[in-house]
Amino acid sequence: MNGIFTELPQIVLTQPEGWKLGTYIGLVASMSNIAPLILVFSKCIFRKQSLNVILINYIVIIIGMSSCLLLVFFWSNTTYIYNRNRSLALFILTFFLALLDCTSMVTFSHYMTRFRREFTSALFLGESLTMVIPSLLAMMQGNGQLTCVPSSNNDTTIAIYETARFSVSIYFLCIFFILVVSFIAFVLLQWTKIAQTSSQDATKEPMMLETNNENTMNIMIDSDSTIKSQRHKLTPLLYLLLLSGSAYTSSIIFGMVFSISAYVLMPYGHQVFYLGTILSPWMFSLVWLFGTIKPFVAKRYLLLLIILGSITFSFELTLAFKSPCPPFINTMKGNVLILVIWLSTFLLLGYPRLVIANYVRLHSSNGMFWFGANVQFGALMGSIIAYLLVETFSLFKEQLPCEKIQC
12 MNGIFTELPQ
22 IVLTQPEGWK
32 LGTYIGLVAS
42 MSNIAPLILV
52 FSKCIFRKQS
62 LNVILINYIV
72 IIIGMSSCLL
82 LVFFWSNTTY
92 IYNRNRSLAL
102 FILTFFLALL
112 DCTSMVTFSH
122 YMTRFRREFT
132 SALFLGESLT
142 MVIPSLLAMM
152 QGNGQLTCVP
162 SSNNDTTIAI
172 YETARFSVSI
182 YFLCIFFILV
192 VSFIAFVLLQ
202 WTKIAQTSSQ
212 DATKEPMMLE
222 TNNENTMNIM
232 IDSDSTIKSQ
242 RHKLTPLLYL
252 LLLSGSAYTS
262 SIIFGMVFSI
272 SAYVLMPYGH
282 QVFYLGTILS
292 PWMFSLVWLF
302 GTIKPFVAKR
312 YLLLLIILGS
322 ITFSFELTLA
332 FKSPCPPFIN
342 TMKGNVLILV
352 IWLSTFLLLG
362 YPRLVIANYV
372 RLHSSNGMFW
382 FGANVQFGAL
392 MGSIIAYLLV
402 ETFSLFKEQL
412 PCEKIQC
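Quick note, in my numbering, the sequence shown goes up one by one and the last residue is 418.
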């Protein structure tokens, strides 16, 4: 799904919906949250039975691979419905591709409990790569590059998009191969000995020492595990608050920020918009790096980071309401300031998500399942709020590329 949103500047050039296509795709993707919702209900109804996340992972990856492969051939097809052409094929395939995104956040998170705690950050590294790799592909493609050319009467300027180095179909084919690699990686984790040394069960095996030291080492390992659990112990109320925190941060990062990016960044120029959208995925890689170095922080610092991230997001939301005439436009100070604030939001709200995952994992064997469910719930709520603000109430005014507005 990140791949589709990254490719939107190229897709909208040929599709009848134009720039509204992003909003429609976001709404279609939100509908696919029906899959994790079914998983949550199943978890609540059949409490004595565990979900077969391995089978579910196989199913959703295969559905995602099939949908992405079909996009290679049918992404540009339109259907005449209600007196106009619509990108029906794109919407249908997007829905099934989004099923992979929405469901995997829940099932992959739960699957990670099979491995040692320090490997939880690998889930977030993979999450960051789902944004970094498409952005790299878009940069190689020349996606979104344009030139502002004076119109014939010289009163206005128009945006001329540069020809891409390769087509949208080739781009989707590259995303398909990434999903193939993901499928192969999951098969290797399941059916080979590669991951055995990193599994939870492996940590329980006695270390190969001299016979008279084996019992002593086992006691030390168990004691160390108990000390870590006690240090990061959660009360039921705090556990629920942390899960709510994961939903809140996800509602901003995955539900709202990208939906209002054009209204926040475009008034400061297309170059700022381009840098903001290209650099923001790399912030998730920094989050993974921070999480590897410091997987836990005190709860008060966790709250402080979320508050700071909320402040930076509130500032971005204010700029979106003031679009297309926010403060400090057409100044270097404004360009630098908005980029720093924009990128800081991803760090300040992204890192707490990783720390919360580590906390809830230690608290409960089902902690990661409910973490993934709350992430998806937050993303859904954020996307609905963004859709209402942008489409239903039309509270934001977009500045088109190369458009000159007197403020």
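Beta carbons are placed, not taken as given, at the ideal position from N, Cα and C, and that holds for glycine.
A quick note: this is a predicted structure, and the numbers were derived from the prediction, not measured.
Check, Outcome
"Pick out whichever of Ala-397, Tyr-370 and Ile-45 has its Cα sitting closest to the Cα of Phe-422.", "For residue 422 there is no data in the structure shown, the boundaries of the chain being 12 and 418."
"Quick check on the DSSP output: the beta strand (DSSP E) that includes Pro-335 runs from which residue to which?", "Note, Pro-335: premise wrong, no beta strand (DSSP E); not H, not E."
"In terms of DSSP beta bridges, what is Ile-169 paired with?", "Val-160"
"On the DSSP letters alone, give me the boundaries of the alpha helix (DSSP H) that Arg-58 sits inside.", "Careful: Arg-58 lies outside any alpha helix (DSSP H) and carries neither H nor E."
"Under a three-way DSSP split, which group does Arg-97 fall into?", "strand"
"Would Thr-323 and Ile-352 qualify as a contact pair, given that the criterion is a beta-carbon distance under 8 angstroms?", "yes"
"DSSP state of Thr-203, grouped into three classes?", "coil"
"Residue range of the alpha helix (DSSP H) that Tyr-91 falls in?", "Run containing Tyr-91: none in the alpha helix (DSSP H); it sits in the beta strand (DSSP E), 90 to 92."
"Relative to the alpha-carbon of Gly-137, which residue among Thr-167, Thr-158, Gln-156 and Asn-13 has its alpha-carbon at the smallest distance?", "Asn-13"
"Provide the residue span of the alpha helix (DSSP H) that contains Gly-33, from first to last.", "32 to 42"
"What runs of the beta strand (DSSP E), each 3 residues or longer, lie entirely inside the segment 261 to 292?", "none"
"Any idea what DSSP makes of Phe-407, helix, strand or coil?", "coil"
"Skipping 5 residues on each side, what residues in its chain have a beta carbon closer than 6 angstroms to that of Val-386?", "Met-116, Ser-257 and Ser-261"
"Would the beta-carbon of Ser-163 be found less than 7 angstroms away from any heavy atom of the ligand ADP?", "Looking at this structure, you won't find the ligand ADP or any other ligand, since it has none at all."
"Mind checking which residues open and close the alpha helix (DSSP H) that includes Ala-368?", "343 to 374"
"In three-state terms, what does DSSP make of Phe-177?", "coil"
"Quick one: Cα of Ser-236 to Cα of Arg-127, how far?", "In this predicted model, Ser-236 has a pLDDT of only 48, less than 50, meaning its place in the structure is not dependable; the value taken from the coordinates is given anyway. Answer to the nearest angstrom: the Cα atoms are 11 angstroms apart."
"Roughly how many angstroms lie between the CA atoms of Gln-21 and Gly-155, to the nearest whole one?", "7 angstroms"
"Within 10 Å of its beta-carbon, does Val-347 have 16 or more other beta-carbons around it, so buried, or fewer, so exposed?", "exposed"
"Between the beta-carbon of Gly-345 and the beta-carbon of Tyr-279, is there less than 8 angstroms?", "yes"
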